[in-house]
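Right, one structure below, let's go through it.
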Amino acid sequence: MQEKDWGDDLLGESIRDSIVGIAALTLISAVILVTAATVLATRGIAVKNAADMAVQLEPLLGRSAKWLFCMGLWGASFSSFIGNAVLGGTILADGLGIGGKVSDMISKLIAALIMIIGATIAVLTQGQTPVEIIILLQAVIIIAVPLTAFMLFWESNRRSVMGNSVPRWWVNLLAVGGLVTICLLAFNTLKGLIVRFIG
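Residue numbers (this note's numbering): -12 to 186.
Written out as structure tokens, the structure reads:
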């Protein structure tokens, strides 16, 4: 909204867009979880690489499942790598008070730095299984996601920031429920990581 100078008159439209996006992601995640539980768990398959994850699609796609899954995984990785780096660079620049738009040079420089760091980590971790790297990155998510959710909740309820657009009580109630759920999931993930790496 800040990038395009949108005002309060477009708040309703942005909320509708958010609802559609969240619903789509929820549906996709549910399909992945259900198919993985149905196919992988019943066959006792331990996921060690992308090809193992593609097995869940074989009942529907046959032998082409691995190729289609890897193409989708590459597309998701590439789009997330670029998109999240640009978003992160813009938000960091805005938070530091040195920029606030994607078009700002400082935002682009920070985004480039983020991508360089990510690419460096990918090069340095060659030889390790991708699954282990993903599990390791969950440790970062454990801290980042609940903290981000709390900060969003806090900022959205500040009248000095939101003005007359502060959430209603029932929206805050849903937000608290979501925040508690995120914290429980983070705790469960942390417990799983401790068991996996420490025993």
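All residues carry an ideal CB built from backbone N, CA and C; glycine is no exception.
Determine the closest residue to residue i out of the options, with distance taken between C-alpha atoms.
i    : options                   : result
V153 : V167, Q113 and W141       : W141
L44  : S66, V21, S64 and A63     : V21
V89  : L83, I103, L74 and A99    : L74
V42  : G31, L27 and K35          : L27
P46  : V34, R30, K35 and R155    : R30
K178 : R155, W156, I122 and N159 : I122
F184 : E119, L60, A23 and V110   : E119
T135 : I32, I169 and A106        : I169
V163 : V148, I181, G84 and F137  : F137
I104 : V182, A126, A72 and D91   : A72
When we look at the beta-carbon of residue i and count the other beta-carbons within 10 Å, is it buried (16 or more) or exposed?
i   : result
F56 : buried
G86 : buried
M40 : buried
G11 : The sequence shown places Ala at residue 11, not Gly. A11 is exposed by the Cβ-count criterion.
Residues in the same chain with beta-carbon distance under 7 Å from residue i, minus the five sequence neighbours each way, listed in chain order, please.
i    : result
R146 : V153
Suppose the cutoff is 8 Å on Cβ atoms and the five residues either side in sequence are ignored; what does the same chain contact list for residue i look like?
i    : result
S64  : none
V18  : none
N144 : V153, P154 and N159
Which residues in the same chain as residue i place their Cβ atom closer than 6 Å to its Cβ, once the five residues preceding and following it in sequence are excluded?
i  : result
G8 : none
(message) Which runs of the alpha helix (DSSP H) at least 4 residues long sit entirely within the segment 52 to 102? Give them in chain order.
(response) 52 to 82
(request) Determine contact between the segment 167 to 182 and the segment 128 to 143, defined as no fewer than three beta-carbon pairs at a distance below 8 Å. (result) yes
(message) When you compare the segment 92 to 102 with the segment 75 to 84, are there three or more beta-carbon pairs, one atom per stretch, that lie closer than 8 Å?
(response) yes
(request) Enumerate, from N- to C-terminal direction, the unbroken alpha helix (DSSP H) stretches of 4 or more residues contained entirely within the segment 112 to 162. (result) 117 to 143 and 146 to 149
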